[in-house]
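S.K.: Residue numbers for the sequence shown follow our numbering, beginning at 1 and rising by one. By construction, the Cβ of each residue, glycine as well, lies at the ideal position given by its N, Cα and C atoms. Take a look at the following structure, please.
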Amino acid sequence: MRVAVLILAAATSLAGRVGSARADVWPASPHGQVDARVVAAGRAATLADVGSQAMTALDGELGPRDRALAELALGLAWYRQGRYRPAAERLLKAEAGPLAIRDYALFLAAEATFHAGEYAAARKLLERLLKAHPRSDWRHRARFRLADCERGLGRLTPARKGWERWMEMYPEYPAGVAVRVALAEVDRDLGRLEAAAG
Numbered sequence: 001m002r003v004a005v006l007i008l009a010a011a012t013s014l015a016g017r018v019g020s021a022r023a024d025v026w027p028a029s030p031h032g033q034v035d036a037r038v039v040a041a042g043r044a045a046t047l048a049d050v051g052s053q054a055m056t057a058l059d060g061e062l063g064p065r066d067r068a069l070a071e072l073a074l075g076l077a078w079y080r081q082g083r084y085r086p087a088a089e090r091l092l093k094a095e096a097g098p099l100a101i102r103d104y105a106l107f108l109a110a111e112a113t114f115h116a117g118e119y120a121a122a123r124k125l126l127e128r129l130l131k132a133h134p135r136s137d138w139r140h141r142a143r144f145r146l147a148d149c150e151r152g153l154g155r156l157t158p159a160r161k162g163w164e165r166w167m168e169m170y171p172e173y174p175a176g177v178a179v180r181v182a183l184a185e186v187d188r189d190l191g192r193l194e195a196a197a198g
């Protein structure tokens, strides 16, 4: 139940509500003092920071799995708010925990790092994901984002090769249109106007 309260906090935050938490969002909990402390922290905090205050309220009282799930929920909430650096930190903490979805947490940490403009660091996280979780459901997105990282670093030829390789590996994937657009943009930037137009 403790993690459910944290996830409720993250979901409320994800909905984009700003300002003081309302009493109807934080119903009284019949599940003990820990949950009541989270509810109290939620009522006192703005929705944007409720997850962080809830984590503080529960410090030392969560088991490793619950803590990892709470870190994941908080990281997701901060990611949705555009707070990419703290989101990446929380998501990496979640990934270090005993989760069955460690690959998901690592992918999201890489995404947050990418959106923070830290392309080299994001590339390292994506490479780590592909090495540690070669069968991950997120491997196709990771390979796509690796090429985005190369482009962000100004390495257009490796970016192009990455997207071409991606198209060969996943020709049926619906994001193929996005890859073709990215390839055309790189061709344009490389001065290959005929290839960009084709």
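Could you pull out every residue in the same chain whose Cβ sits closer than 6 Å to the Cβ of A147, ignoring the five residues on either side in sequence?
M.R.: A159, G162, W163
S.K.: Can you give me the start and stop residues for the alpha helix (DSSP H) that P86 sits inside?
M.R.: For P86, the uninterrupted alpha helix (DSSP H) run begins and ends at 84-96, by DSSP.
S.K.: List the whole-angstrom C-beta distance separating L106 from R128, where the pair is believed to meet the contact cut-off of C-beta under 8 Å.
M.R.: 7 Å
S.K.: R65 to L74, Cα distance in whole Å?
M.R.: 14 Å
S.K.: State the DSSP-derived secondary structure class of D148, mapped to helix, strand or coil.
M.R.: Here DSSP, grouped into helix, strand and coil, assigns D148 to helix.
S.K.: Extract the residue ranges of the alpha helix (DSSP H) inside the stretch 109-169, only unbroken runs of 4 or more that lie entirely within it.
M.R.: 119-132, 139-152, 156-169
S.K.: Three-state secondary structure (DSSP) at E185?
M.R.: helix
S.K.: Since Y79 and A132 should fall inside the 8 Å C-beta cutoff, what is the C-beta to C-beta distance between them, to a whole number of angstroms?
M.R.: Actually they are not in contact, since the Cβ atoms of Y79 and A132 sit about 21 Å apart, beyond 8 Å.
S.K.: So which of E172, C149, A175, K124 has the shortest CA-CA distance to G117?
M.R.: C149
S.K.: Grab the span of the alpha helix (DSSP H) containing L99 for me, first residue to last.
M.R.: First-last for L99: undefined, no H or E at that position.
S.K.: Between S136 and L99, what straight-line distance do the alpha-carbon atoms span, to the nearest angstrom?
M.R.: Whole-angstrom Cα-Cα distance: 14 Å.
S.K.: So, are the CB atoms of L130 and A110 less than 8 Å apart?
M.R.: Cβ atoms of L130 and A110: not closer than 8 Å.
S.K.: Hey, how far is the Cα of P134 from the Cα of R188?
M.R.: 33 Å
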